[in-house]
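Here is the structure we will look at.
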Amino acid sequence: MLSWSLQPRHGGGRVEISNSLPFMIGFRYSRNPIMNSEAPILPPLSSATLHILLALAGEDLHGYGIIQEIARQSQGSYRPGPGTLYDNLKKLMDQKLVVDAPRSSRSKEEDRRLYRITSAGRAALSSEVERLQDVVRTAQARLRERKPRNI
Numbered sequence: 816m817l818s819w820s821l822q823p824r825h826g827g828g829r830v831e832i833s834n835s836l837p838f839m840i841g842f843r844y845s846r847n848p849i850m851n852s853e854a855p856i857l858p859p860l861s862s863a864t865l866h867i868l869l870a871l872a873g874e875d876l877h878g879y880g881i882i883q884e885i886a887r888q889s890q891g892s893y894r895p896g897p898g899t900l901y902d903n904l905k906k907l908m909d910q911k912l913v914v915d916a917p918r919s920s921r922s923k924e925e926d927r928r929l930y931r932i933t934s935a936g937r938a939a940l941s942s943e944v945e946r947l948q949d950v951v952r953t954a955q956a957r958l959r960e961r962k963p964r965n966i
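The numbers in the working numbering rise by one with no breaks, and the one at position 127 of the sequence shown is 942.
Below, the structure written as structure tokens:
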């Protein structure tokens, strides 16, 4: 392994720098203002995840209630099946975006498991909504830019 030596701009001794791949990647991308921003860049949410978080943004719901709320919010155009719902809920719980609602918020006769969006889940949902708004703005601008040619 090679190492480089740099003289700091503001005086002081020489600094030894490793040329290892992890160091170089970290050095390169830590200098990139986009890669070094305070807010983490989140990947886009799947359609199912977006709809589940959106359904839970209003109130704590049980599984079937989430399916009903998604169908209502999408005007019936999207209705996840139980497998899709519970697979996604497990992932969301593993990511701490959704948690079990505390028992105190459940009525005595309510024996179903209720789910609640967390503050991290709300932040992820908000970030996705902003991303989608940017996509729509870009699409609208592109559609206004150029008229299709008649063929």
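Ideal placement from N, C-alpha and C gives every residue a C-beta, glycine not left out. Only a predicted model underlies this, so the values are computations on that prediction, with no experimental measurement involved.
Environment of residue i [buried if 16+ CB atoms lie within 10 Å]
i: Arg846; result: Model confidence at Arg846 stands at a pLDDT of 48, short of 50, so the residue's coordinates are unreliable and nothing is read from them.
i: Ala954; result: exposed
i: Gly891; result: exposed
i: Gly936; result: buried
i: Glu874; result: exposed
i: Leu900; result: buried
i: Arg952; result: exposed
i: Leu912; result: buried
i: Asn903; result: buried
i: Pro897; result: exposed
i: Leu958; result: exposed
i: Leu876; result: buried
i: Leu947; result: exposed
Residue range of the alpha helix (DSSP H) that includes residue i
i: Tyr879; result: 878-888
i: Ala863; result: 862-871
i: Lys962; result: It is not in any alpha helix (DSSP H) - Lys962 carries neither H nor E in the DSSP assignment.
i: Tyr992; result: Absent from the model: residue 992. The displayed extent of the chain is 816 to 966, so no value can be given.
Per DSSP, cross-strand counterpart(s) of residue i
i: Val914; result: Arg931
Expected contact under 8 Å - CB spacing of residue i and residue j to nearest Å
i: Val944; j: Arg931; result: Val944 to Arg931, Cβ: 19 Å. No contact.
i: Leu857; j: Ala939; result: 6 Å
i: Pro895; j: Ala916; result: In fact, because the Cβ distance is near 20 Å, the residues do not count as touching under 8 Å.
i: Ile881; j: Leu871; result: 7 Å
i: Gln888; j: Leu869; result: 6 Å
i: Tyr893; j: Ile885; result: 6 Å
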